[in-house]
Amino acid sequence: MSDSLRAIRLTETVATSAQIQPSDMASVAAAGFKVVINNRPDGEALDQPSSEQMQRAAEEAGLEYHYYPLNAFNYPGDDVAAMGALFDNGERPVFAFCRSGTRSTNLWVSSRDDASRDAARQHAQQLGFDVSMSQR
Numbered sequence: 003m004s005d006s007l008r009a010i011r012l013t014e015t016v017a018t019s020a021q022i023q024p025s026d027m028a029s030v031a032a033a034g035f036k037v038v039i040n041n042r043p044d045g046e047a048l049d050q051p052s053s054e055q056m057q058r059a060a061e062e063a064g065l066e067y068h069y070y071p072l073n074a075f076n077y078p079g080d081d082v083a084a085m086g087a088l089f090d091n092g093e094r095p096v097f098a099f100c101r102s103g104t105r106s107t108n109l110w111v112s113s114r115d116d117a118s119r120d121a122a123r124q125h126a127q128q129l130g131f132d133v134s135m136s137q138r
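Adding 2 to a residue's 1-based position in the sequence shown gives its number in the numbering used here.
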């Protein structure tokens, strides 16, 4: 994986990252990821690429792309189970991103079943993430 991606592995098949660029999609694919989840709403920052640009670049790199925008008002979104299914498919490693990687990490924690959510939250905290969103 490119040094510019600076992804943090939550599991062997799930990584989160701060905002990436369309040009990074080839590196994401080369690192073995099959699925990209964009958790950043369009227009959050003036300089961020649109979801449409990210989707086009992901598909050109052979990646499956999902746009699941989250913010403080709509967290954890309307289909956490579907996101959990993506995170849990070890045959299709997932690369999720948002502004800093925090929302994507919180979504991963929130998508864990009741028995493993606390351990996932502790693991994410140990990696340096603020997991307060996942405690709602």
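Idealized CB from N, CA, C, for every residue including glycine.
Within 8 Å, strictly: CB atoms of residue i and residue j
| i | j | result |
| --- | --- | --- |
| T18 | A98 | yes |
| E79 | L72 | Residue identity differs from the one stated: residue 79 is Gly in this sequence, not Glu. Cβ distance < 8 Å, so G79 and L72 count as in contact. |
| L129 | I10 | yes |
| A63 | A31 | yes |
| G103 | A33 | no |
Environment of residue i [buried if 16+ CB atoms lie within 10 Å]
| i | result |
| --- | --- |
| L48 | exposed |
| Q124 | exposed |
| R42 | buried |
| R114 | buried |
| S118 | exposed |
| D26 | buried |
Inter-residue Cα distance where the pair is residue i and residue j
| i | j | result |
| --- | --- | --- |
| P51 | I22 | 9 Å |
| D44 | P95 | 24 Å |
| H68 | S53 | 9 Å |
| T107 | V133 | 8 Å |
| T15 | G86 | 13 Å |
| P2 | R58 | Absent from the model: residue 2. The displayed extent of the chain is 3 to 138, so no value can be given. |
| V37 | R101 | 18 Å |
| A60 | E66 | 7 Å |
| Q137 | D116 | 12 Å |
Anticipated Cβ contact below 8 Å, residue i with residue j, distance rounded
| i | j | result |
| --- | --- | --- |
| R105 | M56 | Contact doesn't hold; Cβ gap of about 15 Å is too wide. |
| L12 | A121 | 12 Å between Cβ atoms; not a contact. |
message: Quick check for students: name the residue ranges of the beta strand (DSSP E) that lie wholly in the stretch 23-99, counting only runs of 3 or more.
response: Listed in chain order, they are 37-40, 66-69 and 96-99.
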